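Below you'll find the structure, written out as structure tokens, and then a few comments.
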Amino acid sequence: MSTTTQNPQGTAPGASGPELSTAADARRRRANLNAAGPVEKSTKTIVLVIACALVIVPFIGIVATSIAPADQVTNSGGFVLFPREIDLTAYRSILSGGVVSRALLVSIGITAVGTFLSLLITAMLAWALSRRGTVANRPMLLLVLFSLLFSPGLIPTYLAVRQFGLIDTYWSLIIPTVVSGFNVIVVRSFFVSLPDEILDAAKVDGASEWQIFRRIGIPLSRAALAVIGLFYGVNYWNAFFNALLYINDAAKWPLQMVLRTYVVNGAQMGTSELGTAVEAAPPQETIQMAILVISIVPILIVYPFLQRHFSKGVLTGAVKG
0 MSTTTQNPQG TAPGASGPEL STAADARRRR ANLNAAGPVE KSTKTIVLVI ACALVIVPFI
60 GIVATSIAPA DQVTNSGGFV LFPREIDLTA YRSILSGGVV SRALLVSIGI TAVGTFLSLL
120 ITAMLAWALS RRGTVANRPM LLLVLFSLLF SPGLIPTYLA VRQFGLIDTY WSLIIPTVVS
180 GFNVIVVRSF FVSLPDEILD AAKVDGASEW QIFRRIGIPL SRAALAVIGL FYGVNYWNAF
240 FNALLYINDA AKWPLQMVLR TYVVNGAQMG TSELGTAVEA APPQETIQMA ILVISIVPIL
300 IVYPFLQRHF SKGVLTGAVK G
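Residues in the sequence shown are numbered consecutively from 0, following numbering that gives the first Met the number 0.
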């Protein structure tokens, strides 16, 4: 006679409670979907199609306008959905050494340096807060939580940046936002969830705290660090408010400030702002759409590589906090 037992739901022994609940919820949702009538299914389909169209059509229009010929953009009133032919004059114009090229390099540099520093400081601080033997562990954790509840405010932050001599420097775009208390808590939760047996075994083998952090803590938390790195990277890439406050020299503007000036505010971009090799400026609408595309392409390229870490990197760390 077999000795295998099953729980009342008929699942195999050893399955955890949350997994059972998730599987049961998935079966219930599929059952509800199959039980829906044709009218309900049609309504859901129409709503989803309209919602997708509201997102996709403007994006297609932006890309199409940026690559459409100048006469077609002018005749269509500045918005093209189906370009007659592909014309990359706008991209050649803004990437030939003018304002946009310089701002793009500034944004790439700030994003790369800022993300690296933010990840490094966040991981080291979270590791220190996750170790029971750290000096002043509890006060430092309370200080991080305090920063989540109370912001220093705009004027004190500006005065601090000016006092440290960071006005009109690239560091003013990095240092004020280099560490997020929320991200520290998420990474700390991941470190706390690491098995003590692994860390104790490394310590018995003679590994120092730095070696345990570098060779065990970091590799086992790559999912959380990848997602937190994406958060930091998107924040640095999209930030324009710090540049608006701290950068007075237009030659040091990041791409988002150029986007705000020439796309949102509608300032005209002439041949002096474009590359030196440009003889005739394309239509302003084409240039604006090309700047928009350039500003979102890097995030679209990076996001698919990190998407698979989202559920494991954020949800697990948040639940176990």
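For every residue, glycine included, the Cβ atom is placed at its ideal position computed from N, Cα and C. Predicted model only: the values in this text are computed from it and were never measured.
Euclidean distance between Cα positions of residue i and residue j
i       : j       : result
Asn-74  : Ile-173 : 44 Å
Arg-214 : Ser-207 : 10 Å
Val-79  : Asp-24  : 45 Å
Gly-9   : Gly-36  : Confidence at Gly-9 is low in this model, with a pLDDT of 44, below 50, so the placement of that residue should be treated as unreliable; the coordinate-derived value is given next. Taking the straight line joining both Cα atoms gives about 29 Å.
Ser-106 : Pro-138 : 36 Å
Phe-145 : Val-257 : 35 Å
Thr-285 : Met-268 : 11 Å
Leu-124 : Ile-93  : 41 Å
Pro-253 : Ile-49  : 35 Å
Pro-157 : Arg-259 : According to the sequence displayed, residue 157 carries Tyr and not Pro. Between Tyr-157 and Arg-259, the C-alpha separation is close to 21 Å.
Ala-102 : Ala-200 : 49 Å
Leu-165 : Phe-240 : 15 Å
Which of helix, strand or coil DSSP assigns to residue i
i       : result
Gly-113 : helix
Ile-166 : coil
Thr-285 : helix
Ala-280 : coil
Ser-220 : coil
Val-79  : coil
Thr-10  : Legend: pLDDT at Thr-10 = 46, less than 50; position of this residue unreliable, value from coordinates given subsequently. DSSP places Thr-10 in coil when its eight states are reduced to three.
Glu-196 : helix
Pro-175 : helix
Ala-135 : coil
Asp-24  : helix
For residue j and residue i, believed in contact at Cβ under 8 Å, the rounded distance
i       : j       : result
Pro-68  : Arg-83  : 6 Å
Ala-89  : Pro-281 : 5 Å
Val-143 : Val-183 : 5 Å
Thr-133 : Ala-127 : 5 Å
Gly-180 : Leu-147 : 5 Å
Val-292 : Ile-61  : 6 Å
Buried versus exposed call for residue i [16 or more other C-beta atoms within 10 Å across all chains shown]
i       : result
Arg-26  : exposed
Gln-346 : Coverage of the chain is limited to positions 0 through 320, which leaves residue 346 absent and any answer about it impossible.
Phe-58  : exposed
Gln-287 : buried
Leu-87  : exposed
Asn-264 : exposed
Leu-273 : buried
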